[in-house]
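Working notes, structure below.
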Amino acid sequence: MKNIIRNIKSSVALSIISFSFLLAGISSLQGQDLPDRPTPPRLLVDYTGILNASERTALENKLVSFNDTTSNQILVILTNDLYGHDIETFASGIGDKWGVGQADLDNGIVLVVKPKVGNNPGLAFISVGYGLTGAIPDITAGQIVDYEMIPSFKNNDYYSGIDQATTVLMELAAGEYSSDEYSSSRRNFLWELSPLIFFFTLLFLILWLSRRSSTIGSKPRSPWAAFWLGSAMGSGGRWGGSSSGSFGGFGGGGFGGGGAGGSW
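See below:
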């Protein structure tokens, strides 16, 4: 009887050991090594080539200028390969491996974009270092992805989405406004637009009725032309356009799951 019990215990122990090795093997296959940081180090890494030269220059100058004028760092990565990881693990892993932020402050941000290709959904994630989770909590990171990035990405405009998102991240990290103020402004956005929507709808209706009653054969010029020509918008901000693009390097880390993402 004792021999039977001993054999059962040995079989169970052997099964547990074998299962542990199996799990370790699966884990190693699923989680490949992350890419090494580029040399020289850069704050914008586009492995996809989806950004053109002028877009890359503008974004990198913006990121380097922010790095030079604050103690915070934002790294932007565009990639088609997550090296066997989910995008959250990839983003936080890059932050730790590359050392994004200052070593004593853990004040780095990693923004990862995996563009939509064919039927494969696009993915975006903002990973926030420990030192900035108070300024940029998970819910706010998710709102930035949803409101600033994905609408542009759906139109295949990756530059605008990244530009808008990094502007908000910079302003939050610099304390120009709080995450609550940002969230409130987004919730109130459509409500604040309601009077304008009503006004322009009414004005359009008046102009349409006026045109219908005009003399047959006349071609009245639309007063909208000058308005639309004069309403062109440009992008810019405190951290745009003045940097040479050179970047001193990383030295931090401290990423532990803070952040949020989305898909389209």
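So for the sequence shown, our numbering puts the first residue at 1150; every next one is plus one.
By construction, the Cβ of each residue, glycine as well, lies at the ideal position given by its N, Cα and C atoms.
This structure is a prediction, so every number in the text was calculated from the model and none was measured.
Beta-bridge partners assigned by DSSP to N1269: V1266. Under the three-state reduction of DSSP output, Q1251 falls in the coil class, being neither helix nor strand.
It is roughly 45 Å from the alpha-carbon of V1266 to the alpha-carbon of I1355. Per DSSP, reduced to three states, the secondary structure at F1399 is coil, with no helix or strand assignment. Under the three-state reduction of DSSP, G1257 is assigned to strand. In the same chain as G1280, and ignoring 5 residues on each side of it, the C-beta atoms closer than 6 Å to its own belong to L1254, D1255, N1256, in chain order. Between the alpha carbons of E1330 and D1195 lies a distance of about 32 Å.
In the structure shown, G1198 adopts coil according to DSSP, grouped into three states. Within the same chain, L1227, A1273 come within 6 Å of V1262 by CB-CB distance, once the 5 residues on both sides are set aside. For A1409, the enclosing beta strand (DSSP E) stretches over residues 1408-1412. Counted as a single uninterrupted DSSP element, the beta strand (DSSP E) harbouring V1225 occupies residues 1222-1227. Pairing I1299 with W1413 gives a Cβ-Cβ distance under 8 Å.
Taking all protein chains in view, the Cβ of T1315 is crowded by 16 or more other Cβ atoms within 10 Å, so the residue is classified as buried. If you check the CB distance, A1322 and I1285 come in under 8 Å.
Distance from the CA of F1215 to the CA of N1268, rounded to the nearest whole angstrom, comes to 36 Å.
For the options G1402, S1276, S1327, the alpha carbon positioned closest to that of G1411 is the one of S1276.
CA-CA distance, G1408 to E1209, rounds to 22 Å.
Our two residues, D1182 and I1223, have alpha carbons roughly 22 Å apart in a direct line. For a cut-off of 8 Å, the C-beta gap from S1332 to T1289 is around 6 Å, short enough to register as a contact. When the alpha-carbon of P1187 is set against those of G1403, N1305, V1249, the nearest one is in V1249.
By the 16-neighbour rule on beta-carbons within 10 angstroms, S1241 is buried.
Looking at the DSSP output, L1193 shares a beta bridge with V1225. Only residues of its own chain outside the window of five on either side were considered, and among them Y1326 have a CB closer than 7 Å to the CB of E1320, listed in chain order. I1311 is the residue among I1311, G1403, S1328, G1405 whose C-alpha sits nearest the C-alpha of L1192. Residue nearest to D1306 within the set G1402, P1264, P1270 is P1264 (criterion: CA-CA distance).
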